[in-house]
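Participant: Please see the structure below; I have some questions.
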Amino acid sequence: MRGVYGAGMPPAPDDERWMRRALAEAARAPGHGDVPIGCVVVRAGELVGAACNERELRQDPTAHAECLAIRAAALSLGGWRLPGSTLYVTLEPCPMCAGAILQARVERVVYAAPDPKAGAAGGAVDLLHDARLAPRPRVEGGVLAGPAADLLRAFFAERREPGAGRGPDRHADRIP
Ligand SMILES: [Zn+2]
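Below is the structure:
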């Protein structure tokens, strides 16, 4: 598999640190009924955008964590191009977010859990590795995949339980 940790590619030293920050974003989402997915954009070692999934909160089908974090990064950097940036997201990006990543010229994408149903980095389709869509980012998956998948599992398990409580911090203790 291309660019997946465990296939002979050691993680960059800061990858786990920034993925933990993305996981902290993800943990905020259930507070407003959203699926826990979080994203941060980093350039030159600095955080320039951070967001969690806000689809339910905003009733906006495009309010995925990646799109919101990319918008925040473009605002903070004063331009729509994000060269030299790395985007960390807790779930493999969907086709819409892969499109936004390509449009923003994100240089590197690191995701945690794979998404075989809707992922666009090789899970369901492979937009991020498509040679026709140059320039393409470098892509690595599997960084802290376990904790990211645990957050998602806990969210959906709790939703299935009748009478399960809902609160802003209910998943906060699940961040490693
Ligand atoms: Zn998306």
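Numbering-wise (our numbering), the sequence shown opens with residue 404 and increments by one. Ideal placement from N, C-alpha and C gives every residue a C-beta, glycine not left out. Here the structure is a predicted model, which is why all the values come from computation and not from measurement.
1) Using only Cβ atoms and a threshold of 6 Å, which residues come within that distance of a heavy atom of ligand 1? Order them by chain position.
2) Quick one: give me the first and last residue of the alpha helix (DSSP H) that Cys500 is part of.
3) What are the residues that DSSP puts in a beta bridge with Glu457?
4) Are the CB atoms of Glu428 and Val443 nearer to each other than 9 Å?
5) Just verifying my parser: in three-state terms, what is the DSSP assignment at Glu543?
6) So if DSSP puts Leu471 in a beta bridge, which residue, or which two residues, is it bridged to?
7) Please list the terminal residues of the continuous beta strand (DSSP E) segment that includes Gly549.
8) Between Arg577 and the rest of its own chain, which residues show a CB-CB distance below 8 Å, the 5 nearest in sequence each way excluded?
9) Does DSSP put Ala430 in a helix, a strand or coil?
10) Could you compute how far the alpha carbon of Val546 sits from the alpha carbon of Ala425?
11) Name the one or two DSSP bridge partners that Gly452 has.
12) On the criterion of 16 or more Cβ atoms from any shown chain inside 10 Å, does Glu449 qualify as buried, or is it exposed?
Facilitator: Reading it off the structure:
1) His467, Glu469, Pro496, Cys497, Met499, Cys500
2) 498-506
3) For Glu457, which the question treats as bridged, DSSP gives no partner whatsoever.
4) yes
5) strand
6) The partner list for Leu471 (beta bridge, DSSP) is empty, contrary to what the question assumes.
7) Run containing Gly549: none in the beta strand (DSSP E); it sits in the alpha helix (DSSP H), 548-563.
8) Its pLDDT being 39, under 50, Arg577 is placed unreliably by the model, and the measurement read from it follows with that caveat. Within the same chain, Arg577 has close Cβ partners Ala430, Pro550, Asp553, Leu554, Ala557.
9) coil
10) 11 Å
11) Val444
12) exposed
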